[in-house]
Structures are given as C-alpha cells and as structure tokens.
Amino acid sequence: GDSVTQTEGQVALSEEDFLTIHCNYSASGYPALFWYVQYPGEGPQFLFRASRDKEKGSSRGFEATYDKGTTSFHLRKASVQESDSAVYYCALGSNYNVLYFGSGTKLTVEP
Amino acid sequence: EAAVTQSPRNKVAVTGGKVTLSCNQTNNHNNMYWYRQDTGHGLRLIHYSYGAGSTEKGDIPDGYKASRPSQENFSLILELATPSQTSVYFCASGDGGSQDTQYFGPGTRLLVL
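Same order as they appear, the protein sequences are chains V and A. The first sequence runs 141 to 251 under my numbering. The second sequence runs 136 to 248 under my numbering.
Structural data, given as structure tokens:
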C-alpha cells in the first residue's frame with residue numbers, strides 16, 4: 141500500500157544551519173506530496189504541496205522538489221531559525237482523498 | 136476565527152466508559168477526518184467522511200465509531216474506552232480531490248484510566 145518514510149526522528153541544529161529532512165514515498169502513479177508543520181500544543185498546519193515530477197513546492201523559506209526517479213520529497217531550508225523548531229510531517233495523497241503521513245521529524249534549533 | 140474546532144480539549148475517562156469527541160468546521164468542506172497521534176507513529180487515520188451521513192473506515196478503526204450528522208459536524212465515539220486509546224486526537228477537514236489539503240483542529244488530549 142501507499143506509504144511515506146521519514147528517516148530522521150529528531151534533528152538538532154543551530155540557528156543559520158542548513159536543514160534537510162528526508163522523505164521517501166511508496167505509491168503508484170503520481171500522488172500529491174505534502175509537508176505539514178506542527179508547533180507544540182497545536183494541530184498540524186499545511187506548509188506546501190507538489191503533484192508533478194520536478195515540481196517544487198515552497199513556503200516560509202522551506203522547499204522540496206518532487207522526484208519521481210528517487211521517490212523522494214526532501215524538505216530543505218537554507219538557514220533555520222529558533223522559531224522553526226517544530227515537528228515536520230511528510231504526507232502522500234491517495235485517490236480516496238486520504239493522506240498518509242510519515243512518522244514525523246522533530247526539529248530543534250538552538251539559538 | 137478557527138475554522139476547525141474540537142471539544143473537549145482535554146478528557147479523562149474510565150475504562151469501559153463511553154467517550155464522544157466532537158469536531159466542528161466552518162470551511163464548508165465535504166470531507167472530514169479523525170486521526171490519533173502517538174509518539175513514534177505520527178498521525179494515523181481512524182475514520183473519515185465524504186459528507187453528511189457518510190463514514191468510512193481508516194487504517195485503525197477498531198474500537199471507534201464515527202458519526203457525521205451534518206456538513207459541519209463529525210464525532211468520534213469510543214463505546215468502551217480502553218487505556219490503549221489514551222492519545223491525542225485530531226480532527227481535520229478537506230475539500231476533496233487527490234491533492235486534498237487538510238486543515239486540522241487543535242486536538243483533544245484523552246486519558247483513559
């Protein structure tokens with residue numbers, strides 16, 4: 141079945157470091173891919189999505205490129221800030237209006 | 136003006152008791168979803184709905200029922216709560232399609248003793 145794998149459970153960085161969170165998916169065809177962010181005490185928030193090979197999604201300085209060849213949608217940010225500390229979820233959209241979420245990556249950014 | 140609201144925000148229940156979690160959305164979205172969030176598992180889908188009167192089973196429906204009496208409201212029902220159902224529950228709404236973007240509520244923290 142459709143699934144998403146996030147390899148990093150936790151990432152610890154300092155401010156202005158470069159961020160990469162890895163996301164790989166398993167699905168047939170061209171599913172829509174999403175990134176969500178969750179701050180403490182809140183529900184997940186939509187960050188951005190992409191739905192075609194080589195399409196780049198971006199928001200708030202974060203970006204990811206849909207790569208059908210490597211079945212990946214890695215999240216990147218050039219210079220993280222303390223306010224970026226949160227849990228990040230990669231998700232995959234199915235044909236039944238259902239999202240399949242990865243297990244999440246907790247990002248901690250030290251000042 | 137939060138578009139997806141949940142009540143209660145916190146709940147303590149006893150084993151074997153009945154628990155109802157409520158969700159209301161003002162997005163006028165057709166689709167609504169219930170997830171639970173547990174450390175190491177991320178978000179797992181329990182039930183979802185395509186509109187009033189419809190409910191569908193998600194990945195982990197056992198021990199849960201759902202009810203969608205109207206476009207705006209979607210409830211999750213635990214008829215006989217168990218300690219393994221202690222978790223944080225999130226409701227979401229979405230307007231449908233394979234690129235469906237879902238919008239989440241603030242969550243309900245449930246403790247079953």
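The beta carbon of each residue, even a glycine, is placed where N, CA and C say it ideally should be. All of these numbers come straight from a predicted model, not from anything done at the bench.
Straight-line gap, residue i to residue j (C-alpha atoms, nearest Å)
i	j	result
A/Tyr185	A/Arg171	19 Å
A/Thr221	V/Gly169	36 Å
V/Val249	A/His176	23 Å
A/Gly152	V/Glu222	42 Å
A/Ser142	A/Ser157	5 Å
V/Tyr240	A/Asn166	15 Å
A/Tyr168	A/Ala138	14 Å
A/Lys192	V/Trp175	24 Å
V/Thr147	V/Ser191	22 Å
V/Ala204	V/Pro251	25 Å
A/Thr236	A/Ala216	31 Å
Residue burial classification, residue i (beta-carbon count within 10 angstroms, cutoff 16)
i	result
A/Val147	exposed
V/Lys194	exposed
V/Thr245	buried
V/Phe158	exposed
V/Ala152	exposed
A/Ser228	buried
V/Ser243	buried
A/Asp173	exposed
V/Gly209	exposed
Integer Cβ distance of residue i from residue j, believed to fall under 8 Å
i	j	result
V/Phe188	V/Gly197	4 Å
A/Tyr224	A/Leu245	6 Å
A/Arg144	A/Thr243	6 Å
V/Asp207	V/Pro171	With 8 Å as the limit, V/Asp207 and V/Pro171 do not qualify as a contact, their Cβ atoms being about 13 Å apart.
Residues that DSSP places opposite residue i in a beta bridge
i	result
V/Tyr228	V/Val177 and V/Thr245
A/Tyr250	Only positions 136 to 248 of chain A appear in this structure, which leaves residue 250 of chain A out of reach.
V/Leu187	According to DSSP, which records beta bridges pairwise, V/Leu187 is partnered with nothing at all.
A/Asn145	A/Arg244
V/Asp207	V/Ser212
V/Ala152	V/Thr248
A/Glu191	A/Tyr183
A/Ala201	A/Leu211
heavy atom of the ligand FMN below 7 Å from residue i C-beta
i	result
A/Arg244	Because no ligand of any kind appears in the structure shown, any question about the ligand FMN cannot be addressed here.
### Query
Of all the residues that make up the segment 212-233 of chain V, which are near chain A by a beta-carbon distance shorter than 7 Å?
Listed by position along the chain: Tyr229 and Gly233.
### Task
With 9 Å as the limit, tell me which residues of the segment 179-200 of chain V have their beta carbon closer than that to any beta carbon of chain A; keep them in chain order.
Flagged, chain order: Gly181, Glu182, Gly183, Pro184, Gln185, Phe186, Arg189 and Ser191.
#### Entry: chain V contacts made by the segment 148-173 of chain A, where a contact means CB separation under 7 Å
Residues passing the 7 Å Cβ filter: Asn166.
#### Entry: Chain-ordered residues of the segment 234-247 of chain A with a beta carbon less than 8 Å from chain V
In summary, the residues of the segment 234-247 of chain A whose CB is separated from some CB of chain V by less than 8 Å are Gln234, Asp235, Thr236, Gln237, Tyr238, Phe239, Gly240, Pro241 and Gly242, in the order they occur in the chain.
### Query
Just by C-beta distance, which residues in the segment 178-193 of chain A are closer than 9 Å to chain V?
From the segment 178-193 of chain A, only Leu178, Arg179, Leu180, Tyr183, Tyr185, Glu191 and Gly193 have a Cβ closer than 9 Å to chain V.
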